[in-house]
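J.: The following block contains the structure, expressed as structure tokens.
Numbering (our numbering), first residue to last: 29 to 160.
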């Protein structure tokens, strides 16, 4: 797995670009990247999932821990461009209720910036009714 953290189009909202499978062996990298951002005071984080074909329960656990910490600090994790298999994992585990999922990075960044929506779970079809 490859993790690249860049500044999104909005200052203060980091964009974490993930590439590859996230599983028991690679999720410590994800945990470390998210912890580092939160230690810097960045609690509204967009994850670009467009190149993540697979994640397992260990990866889901890392994301749940991270979203919990982010929400404790009035933030959240915002998932963008989630691949079908990965989205299905969120749906089966019902974690789709916890994680906002957006069709585009721009939508996820806008949601992260919007007041009153930090951590509010919105599925892609709710975030973008035209996509339904």
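Ideal Cβ positions, reconstructed from N, Cα and C, are used throughout, including at glycine.
Quick check: what's the CA-CA separation for residue 94 versus residue 103?
T.: For the purposes of this step, residue 94 is identified with residue 66 of the chain shown, where counting begins at 1. For the purposes of this step, residue 103 is identified with residue 75 of the chain shown, where counting begins at 1. If you take the alpha carbons of residue 94 and residue 103, they lie about 10 Å apart.
J.: So, helix, strand or coil for residue 161, using DSSP?
T.: Residue 161 lies beyond the residue range present for the chain, which begins at 29 and ends at 160; the question has no answer from this structure.
J.: Between 92, 118, 30, 106, which lies nearest to residue 42 when the distance is taken from Cα to Cα?
T.: Locating residue 42 in the chain shown gives position 14, counting from the first residue. Here the closest residue by C-alpha is 106.
J.: Where does residue 89 sit, in a helix, a strand or coil, going by DSSP?
T.: Within the chain shown, residue 89 is the residue found at index 61, counting from 1. DSSP places residue 89 in helix when its eight states are reduced to three.
J.: Are the beta-carbon atoms belonging to residue 128 and residue 138 less than 9 Å from one another?
T.: Residue 128 sits at position 100 when you count from the first residue of the chain shown. Residue 138 sits at position 110 when you count from the first residue of the chain shown. Contact flag unset, no.
J.: Roughly how many whole angstroms lie between the Cα atoms of residue 69 and residue 83?
T.: Position 41 of the chain shown, counted from the start, is the residue given in the question as residue 69. Position 55 of the chain shown, counted from the start, is the residue given in the question as residue 83. Distance between the alpha carbons of residue 69 and residue 83: 27 Å.
J.: Straight-line CA distance for residue 62 to residue 44?
T.: As a position in the chain shown, residue 62 is number 34, starting the count at 1. As a position in the chain shown, residue 44 is number 16, starting the count at 1. Each residue's Cα considered, the two are about 9 Å apart.
J.: From which residue to which residue does the alpha helix (DSSP H) around residue 119 run?
T.: What you label residue 119 is simply residue 91 of the chain shown in a count that begins at 1. 112 to 120 is the span of the alpha helix (DSSP H), which, as asked, contains residue 119.
J.: In chain order, what residues of the same chain lie with their CB nearer than 6 Å to the CB of residue 47, ignoring the 5 residues before and after it?
T.: The residue you call residue 47 lines up with position 19 of the chain shown. Excluding sequence neighbours, residue 47 sits near 30, 79.
J.: Measuring only the C-alpha atoms, how far is residue 108 from residue 73?
T.: Taking the first residue of the chain shown as position 1, residue 108 is located at position 80. Taking the first residue of the chain shown as position 1, residue 73 is located at position 45. Cα to Cα, residue 108 sits roughly 11 Å from residue 73.
J.: Compute the Euclidean distance between the alpha carbons of residue 130 and residue 53, then round it to the nearest angstrom.
T.: As a position in the chain shown, residue 130 is number 102, starting the count at 1. As a position in the chain shown, residue 53 is number 25, starting the count at 1. One C-alpha to the other measures close to 27 Å.
J.: Rounded to the nearest angstrom, what separates residue 55 and residue 90 at their Cα positions?
T.: Your numbering for residue 55 matches position 27 in the chain shown. Your numbering for residue 90 matches position 62 in the chain shown. Computed Cα separation, rounded: 7 Å.
J.: How would you call residue 136, buried or exposed, if buried means at least 16 neighbouring beta carbons within 10 angstroms?
T.: Taking the first residue of the chain shown as 1, we reach residue 136 at position 108. The residue is buried, with at least 16 neighbouring Cβ atoms inside 10 Å.
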